[in-house]
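J.: Attaching a single structure in structure tokens format; questions to follow.
In structure tokens, the structure reads:
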């Protein structure tokens, strides 16, 4: 029988979706847990996708709220998972299915509208906008009804008074400026901006402010306020894009350094060299030379140079003895016995 080990990220999400109220501290702890694991964000997205298929609409609503909070606070690493085909298909089914609760359907539409505004200038998040526009073209979303519904449902978590809007704009400007200044004094080739506590604090506040600004843009119709909101939203986008560029430069620098380090490694020595002291069992150069110069006609009993080396031809007897009965000697072909000059 096969047993599966528990996943701490999924376990945490299981507990949170059952809570009546999810606090900011809960979200922060979950983000830290996700970032501490190599596949933490992927595990969270997979767990949330599973919860969105629950038959208990309270669990689905809690999962949607948790997903919204993670998109706002956990950054791009998590956001990349909500644009996957599987995750977006799950959201689409919640909108078009006749079995979905009306409150669930409206909540999904509200999130899609919010993300379309938030990620307007982020090309990689384009699949969210494509889904939203697809649902509009199919008649699954009515813009007029959805806007009035979104306004009434969002009144509880955002204040629409001019004072609150002005405060949000002022805070967003300050966060964008502080993040820009922190990045200006940071060298991405020597400092990991994704692990710098100060930069990450300002980055999180900018992302949070961007979500708030997007909500105001979706809910108000005051042209003067909309103009101010659009302006500060662009400042946030520019600063966040600068942050993303620094992260990319850091990744390129790390890859380049790794490539140079790999290229500087010595190549393996495939040639076997003989020891200099000549103690090897193999044949040395001197022995090879000696064998090469050895005279095949030399008399092994003497060390004198051979006749061949002295320019002489070998001497032979003019006759050789035979063992026949005649006792005669058999003549040989006479040869010269002196060197030919």
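In full-length UniProt numbering, the protein residues as written are 1 to 341.
Using N, Cα and C, we set each Cβ at its ideal position, and we do this for glycine too.
#1: Taking residue 104 as part of the alpha helix (DSSP H), name the residues at either end of that continuous run.
#2: Apart from the five residues just before and just after residue 60, which ones in its own chain have a Cβ nearer than 6 Å to its Cβ?
#3: Could you tell me which of 137, 252, 236 sits nearest to residue 122, measuring between CA atoms?
#4: In the structure shown, what three-state DSSP assignment does residue 170 receive?
#5: Determine the closest residue to residue 92 out of 102, 79, 109, with distance taken between C-alpha atoms.
#6: Residue 139: buried (16+ other C-beta within 10 angstroms of its C-beta) or exposed?
#7: Among 242, 172, 195, which residue has its Cα nearest to the Cα of residue 214?
#8: If you measure between the beta carbons of residue 82 and residue 44, is that distance less than 8 Å?
#9: Counting only the same chain and skipping the five closest in sequence on each side, list residues whose C-beta sits under 7 Å from that of residue 155.
#10: Please list, in chain order, all residues of the same chain as residue 175 whose beta carbon is under 7 Å from its beta carbon, the five residues on each side excluded.
#11: Does the structure place the segment 225-233 close enough to the segment 246-259 that three or more beta carbon pairs sit under 8 Å?
#12: Once you ignore the five residues that flank residue 50 on each side, which residues in its own chain have a CB closer than 6 Å to its CB?
#13: Could you tell me the alpha carbon to alpha carbon distance between residue 348 and residue 34, rounded to whole angstroms?
#14: Relative to the C-alpha of residue 37, which candidate in 10, 58, 26 has its C-alpha closest?
#15: Given that a residue counts as buried once 16 or more other Cβ atoms are within 10 Å of its Cβ, and exposed if not, what is residue 342?
#16: Between which two residues does the alpha helix (DSSP H) containing residue 130 stretch?
#17: With a threshold of 16 other CB atoms inside 10 Å of the CB of residue 258, please say whether the residue is buried or exposed.
#18: Please report the distance separating the alpha-carbon of residue 18 from that of residue 184.
#19: Residue 31 lies in the alpha helix (DSSP H); which residues open and close that run?
#20: For residue 58, which residues from the same chain have a beta carbon less than 6 Å from its beta carbon, with the 5 sequence-adjacent residues on both sides left out?
#21: Within 10 Å of its beta-carbon, does residue 141 have 16 or more other beta-carbons around it, so buried, or fewer, so exposed?
#22: Give the list of continuous beta strand (DSSP E) stretches no shorter than 3 residues that lie fully inside the UniProt domain "GAT" (160-248).
#23: Would you tell me roughly how many angstroms separate the C-alpha atoms of residue 344 and residue 97, rounded to the nearest one?
#24: Can you look up residue 75 in the DSSP assignment and give me helix, strand or coil?
#25: Give the secondary structure of residue 39 by DSSP, where H, G and I count as helix, E and B as strand, and everything else as coil.
T.: In short, the structure shows the following:
#1: 102-118
#2: 52, 54, 104
#3: 236
#4: helix
#5: 109
#6: exposed
#7: 172
#8: no
#9: Because residue 155 carries a pLDDT of 46, less than 50, the predicted location of this residue cannot be relied on, and no value is offered for it.
#10: 202, 205, 206, 209
#11: no
#12: none
#13: Because residue 348 is not part of the residues shown, which for the chain are 1 to 341, the question remains open.
#14: 10
#15: This structure gives no information on residue 342, because the portion of the chain shown stretches from 1 to 341.
#16: 126-137
#17: exposed
#18: 43 Å
#19: 24-35
#20: none
#21: buried
#22: none
#23: With the chain represented from 1 up to 341, any question about residue 344 goes unanswered, as that position is not in the structure.
#24: coil
#25: coil
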